Every structure is written in C-alpha cells, then in structure tokens.
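Here the structure comes first, spelled out in structure tokens, and everything after it is commentary.
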DNA sequence: CTTGTCAATCAAAAACAATCATTTTCAAGC
DNA sequence: GCTTGAAAATGATTGTTTTTGATTGACAAG
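Chains as they are written, first to last, in the numbering used here: chain A, 456 to 725; chain B, 456 to 725.
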C-alpha cells in the first residue's frame, strides 16, 4: 500500500468519526504502528488533521460540530434588522388557533422570537425552528419527516408521500434568495425541493424578503408571482419593485425597520 | 477508551443534565474514578464545564430548563444505572455505516451517550434523541414526520403514508413497559401506535428492558416474543425469565450493571 | 462514627520517539 | 531487458514518557 493511499484512508476515517486511534488505523491499513504514526505526524504538519495522544482527530473545532451548519450561521448575521422587522410583520398576520407553515431559512427563523406568546399550529421543515418553538413556546409543533441536512438546517424526505401532503394551513411563510418579474428564486436545489413540497399546502403564500433581494437573481425559479399572496419587505424597496408586485396582484407589506434601530438610537432623556 | 472519547461523553452528559456525578461518569465511560476526576479537572481548566463537588455541571446558564416534558424527566431518574448498562450493550451491537432505528423512550435515550463517536444512519421518532445526535455526533439523522407530543417526546403522524415506510434498517431498538410470555407490552396507546409503525421496518428487533419489567404487566400487547430477535436486560433477570426467552428463540444479552452496584455489594473482607 | 469526596502516591499499562535493519523504489548503467 | 546501487519507505526493537487505575489517608458533611 502506498503512502498516498494510507493518507486517503486515514483522512477518510478522521472525517467519519471524531477520533480514530492508531490501532484502528493499523487494522484499517495493514501498515505498522510506526508508519501510521509517521503518517499522522505528516498530515498534522499539513494541517489536514490534528494529532492527539492515542491517534488523530478531525480538524473541525470539536465544540462547534453540532447546532447548525456554517452557512446558516454566517447568513444569519447579515441584514438581521430587516429580517427581524419582516418577521415581526409576518407574525402579526397570524391569529391564535390558526395553522401555519414555516419554511426553513434565516428570515423565517427570526419569526420564532415573536411566536413565543402565540398558540398556533405550526408545521415546519426546519429543525432549529421546531426546537425553539418546542422549548420556548406553547405552540403545537409538527415537523416534516426525513433526513436532517445540517448545512441547510432543513428536514427533507426524498419521497413524495410524507406527512407534508396531509397538512394544510391558512398561511405559509417563506424566504427566498431573490425575486424578480419571473417570480421567486432560490439557489440551493435542496431548498427548492423542500419548498416545492410545501408551497401548495396553504391558502396564502407569504414571502419574507429584504429589499436588497429584489436586485438579486438566481438560477432556479421556484414559482411565479401569481402564486404569491403577500410579500413582506423592508422600506428599502423601490417604486418600480412595488409596481411590479402591484401589477401581479400581490399584496405588499412594508415593514419599518424602525423599532429595533430606533431603540438603539433613543437614549433616554433623563 | 481514549481521552478524547471520554471527554466527548462527559460533555455530552453535562449538556443533557445540569449536573452529573463522578460515579455516573465512571459508569458511562467504564474508566476509573481517578481518571474521571482528572478529566473533569482538565475540562474545567478548558472552561468546557464547571467542576463541582461530587461531579461536574454544564457551563451554560440555567436557561435551558425547559428542554423536555416533565413525565420524561421524572421517569428518567429511575433505574438509570440499569438503563445505561443496557444502552451500552445496545450500542455495542452497532457497527459503523449501519442503519438503525431508535424508538423513543427513556431507556433508548441513554443510547445517545454512547453514540457520540459512531457514524451510523439513525432514524428516530424521538425529538430529543434527534436533537442530541444532531448537536453532539456525526451520525446522520432522520426523523419521522408529524406532530411532536411533548409528554411522550415522540413525533407521530396520524397517517400511514409517512417516510417511516421508506426507511429500512438492520436493527431497531426499543424499550417497553413490560414483558411476559404473551410478548411485549406497552401502556400508552400513543406509544403503541408509534412503535407499531416502526416495528416492521427492521431486520432485527432489539428490546432494551430492565429486569424489573419482567414482572410488570400492562394492558396492551405490542407484539409476540417471536418477533423479537434480541433482549438486553440487566443481571437481575430470573432463571425462569431467561428460560422463557430461550424457549421463544430470543437471544439474551445480560448487561452488567456498572461500578455503582458492584461497589455496594463488595464488602471488604477486613 | 460513618459516608462520600478528594488529593497524593505508586505501579502497571499504553503511547510514544529514536534507532536500526530490512524491503521497496527508481533510475543510471550495462 | 536486466542488474545494481543509492535513497526512501517501512517494520521491528528499544528505552522513555504519559496516562491510567488502585491504594491510601485527609477532610467535611450528615
């Protein structure tokens, strides 16, 4: 067995499991202990893994393994003020007792903050949203079944026959990566798949989208504007975008990015 | 067991519960008391947990009290040593890459501690189990879809056409409320419903049950002994119970209940 | 007084680094 | 094509260091 091949095996093992012992690698590669140690030392220098007593561990910081995929967390930090404002408006549309669908995403994630005191029937394909509502609210929570994708933070089944089809709601809330005359756009094919499952399971489709997204285009069209009932966006939206939605018969709610920003400004007089 | 792995288990334990005793960790890791103390001291220095008299506590402020329904939590405190011993044996049956089903329950919940360093495909109807595995392991996680019942901590769909039908595993692990010549028994109709959905989706059915349950009867029969491949129980099981299982062709694994129980028996000669 | 927690100590075991002998690889020369 | 020799890679051996588990005694709480 060649050095390269052993390295490949070692890295593969380390990526699969948090720690791998030297002995395990000896078994795996049928090489001697000394060789494995040398390999680990070499890969450690190349920073392809971390060398620890007894074996090796993956390079990913062991503390952050769970909780959420990277893309989610970084995305979460941009445009938060707008997202929160939009989310607040979205929750205002709900009345207690109603059934709603919340599609996973960083904008809709903000809705959980405002749902704490509500009592709704919430169906979601987002594991973090379900978690939060379960722990910090009294809403009844339903989730779609399937594989949990850590990166996108959604639960998705490759099959068409899941419970999704059996849930019908008054409103469905979702974000998107872009919006234009052609309709709603999304980048990740996995998200498209998840969204298309839910999109026809509600009377009204409410789209939360911050105004910058009107200028973004994306490769995949999710649905036309005619399918959308309501768009919630912030006050950065242009007149032409407003007209576009108006012409398509879409109700527009403009959220004042207000409260949050205002609070930060308003230093008490006294 | 190696240092990193023990640390993983210890951290996993303190995140599950606010405080964990040294003895519990000894059980959990099968390491000596001295080693656990050293580990706790090390993790304390790394500020990954707080060291307290008798054990360790999580570093997170006491905000996360909610976490799960009450009945789950109180049940969790009884017979923990047995449950843990059984859970350890159960996890030992799994080999990396395999697909398994874990049915929700307080015994099977203990399995998450030992699954931290595995790489399995896990399907579960238990929200807490999915949460924990997602946050503290690299296993791939699938959940069934449906309503999340806070009391029983399971996800259950009233429909027959959910993804459950599309998942097939080598092994299914479950607990139960009682076991007798007639088969496996359960009390809560909701649990019965959940279990029956999963019970035919695996080659082998592995039942984790502490020995006291052999004397309990319950109103609802879930399945006959012939459906069960393996029973894991603790060393309190009687000869007649063993014979019963033997006659039914069920493989029996008797888990040795850890250091805790042993120390209490062994009175020093001097 | 008894019990449980803990630190200190020591011996055994495991992991490790250094060294050397053997094998493999590769290329130059026949 | 084949041999040959140098260099690299590997495996075994050795002695050293680290980790671990058991024992002991100190200390505090009940």
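The beta carbon of each residue, even a glycine, is placed where N, CA and C say it ideally should be. Please read all numbers here as calculations on a predicted model, not as lab measurements.
field: Close Cβ partners of residue 545 (chain B) (< 7 angstroms) along its chain, the five nearest in sequence each way excluded
entry: Around residue 545 (chain B): 566, 628, 661, 663, 687.
query: Between residue 679 (chain B) and residue 630 (chain B), is the Cβ-Cβ spacing less than 7 angstroms?
result: No, the Cβ-Cβ distance between residue 679 (chain B) and residue 630 (chain B) is not below 7 angstroms.
query: Under three-state DSSP, which class holds residue 605 (chain B)?
result: coil
Residue from B:624, B:666, B:654, B:676 with nearest C-alpha to residue 694 (chain B): B:666
message: Taking the straight line between their C-alpha atoms, what separation do you get for residue 719 (chain A) and residue 513 (chain A)?
response: Only weak support exists for where residue 719 (chain A) lies, its pLDDT of 41 falling under 50; the value from the coordinates is given anyway. In this structure, the alpha-carbon of residue 719 (chain A) lies about 42 angstroms from that of residue 513 (chain A).
task: At 8 angstroms on the CB atoms, spell out the chain A contacts of residue 597 (chain B), in chain order.
output: 600, 601, 602, 603
message: At the 7 angstroms Cβ level, is residue 507 (chain A) part of the contact set with chain B, yes or no?
response: yes
Host beta strand (DSSP E) of residue 657 (chain A) (start-end): 657-663
query: CB residue 461 (chain B) to CB residue 484 (chain B), shorter than 7 angstroms?
result: yes
task: For residue 711 (chain A), count neighbouring C-beta atoms within 10 Å of its own C-beta (all shown protein chains included) and say buried if the count is 16 or more, exposed if not.
output: Counting the other Cβ atoms within 10 Å of the Cβ of residue 711 (chain A) gives fewer than 16, which makes it exposed.
query: What are the residues of the stretch 470-488 of chain A that lie near chain B, defined by any Cβ-Cβ distance shorter than 9 angstroms?
result: 470, 471, 472, 473, 474, 476
- prompt: Of all the CB atoms in chain B, is at least one closer than 7 angstroms to the CB of residue 577 (chain A)?
  reply: no
- prompt: At what residue ranges does the stretch 562-599 of chain A contain a whole run of the alpha helix (DSSP H), taking only runs of 4 or more?
  reply: You should have 566-570, 582-591.
message: Quick check: the Cα distance between residue 608 (chain A) and residue 644 (chain B), rounded to an integer number of angstroms?
response: 32 angstroms
message: For chain A, check one thing: does any of its Cβ atoms lie closer than 7 angstroms to the Cβ of residue 459 (chain B)?
response: yes
task: Check the Cβ-Cβ distances between residue 522 (chain A) and every residue of chain B, and say whether any is below 7 angstroms.
output: Model confidence at residue 522 (chain A) stands at a pLDDT of 40, short of 50, so the residue's coordinates are unreliable; what they give is reported in the following sentence. It does; some Cβ of chain B falls within 7 angstroms.
- prompt: Roughly how far, in whole angstroms, is the beta-carbon of residue 503 (chain A) from the beta-carbon of residue 466 (chain A), given that I think they are within contact range, below 8 angstroms?
  reply: 6 angstroms
- prompt: Where residue 538 (chain A) and residue 562 (chain A) are concerned, what is the direct C-alpha to C-alpha distance, given to the nearest angstrom?
  reply: 5 angstroms
- request: Can you pull the chain B residues whose beta carbon is under 8 angstroms from the beta carbon of residue 680 (chain A), in chain order?
  value: Those do not exist, as residue 680 (chain A) stays about 30 angstroms from chain B at its closest Cβ, beyond 8 angstroms.
message: Please report the straight-line C-alpha distance between residue 579 (chain A) and residue 501 (chain A), rounded to a whole angstrom.
response: For residue 579 (chain A) and residue 501 (chain A), the distance between alpha carbons rounds to 42 angstroms.
- prompt: In chain B, which residues lie less than 7 angstroms from residue 610 (chain A) when you measure between Cβ atoms?
  reply: 598
query: Can you give the Cα-Cα distance for residue 593 (chain B) and residue 653 (chain A), rounded to whole angstroms?
result: Their backbone Cα atoms lie some 28 angstroms apart in a straight line.
- request: Give the secondary structure of residue 524 (chain A) by DSSP, where H, G and I count as helix, E and B as strand, and everything else as coil.
  value: The predicted position of residue 524 (chain A) is uncertain, since its pLDDT is 39 and thus under 50; a value taken from the coordinates is nonetheless stated next. In this structure, residue 524 (chain A) counts as coil in the three-state DSSP scheme.
message: I want to verify the contact list: residues of chain A whose CB lies under 7 angstroms from the CB of residue 572 (chain B), in sequence order.
response: Within chain A, the residues whose beta carbon sits less than 7 angstroms from that of residue 572 (chain B) are 472, 473, 474, listed in sequence order.
message: Going by DSSP in three states, residue 668 (chain B) sits in which element: helix, strand or coil?
response: For residue 668 (chain B), the three-state secondary structure derived from DSSP is helix.
- prompt: When the Cα atoms are used, what is the spatial distance from residue 542 (chain A) to residue 511 (chain A)?
  reply: 44 angstroms
message: I'd like the list of long-range same chain contacts for residue 685 (chain A), defined as Cβ closer than 6 angstroms, with 5 residues on each side in sequence excluded.
response: 661, 706
message: So, with DSSP's three-state summary, where would you put residue 705 (chain B)?
response: coil
field: C-beta atoms of residue 615 (chain A) and residue 599 (chain A) nearer than 7 angstroms
entry: no
- request: Please list the residues of the stretch 578-590 of chain B that have a C-beta atom closer than 8 angstroms to any C-beta atom in chain A, keeping them in chain order.
  value: 582, 585, 586, 589, 590
message: At the level of alpha carbons, what is the spacing between residue 551 (chain A) and residue 625 (chain A)?
response: 12 angstroms
query: Taking Cβ-Cβ distances below 8 angstroms as the criterion, which residues of the stretch 620-632 of chain B are in contact with chain A?
result: 620, 621
field: Range covered by the beta strand (DSSP E) that runs through residue 504 (chain B)
entry: Element bounds for residue 504 (chain B): n/a, residue is neither H nor E.
task: Under 8 angstroms by Cβ, that's how I've got residue 641 (chain B) and residue 595 (chain B) pegged, so tell me the actual separation to the nearest angstrom.
output: Not quite, the Cβ-Cβ distance comes to about 28 angstroms (not below 8 angstroms), so this is no contact.
query: What are the boundary residues of the beta strand (DSSP E) that residue 438 (chain B) is part of?
result: There is simply no residue 438 (chain B) to check, as chain B begins at 456 and stops at 725 in what is shown.
task: Please classify residue 699 (chain B): does DSSP put it in a helix, a strand, or coil?
output: helix
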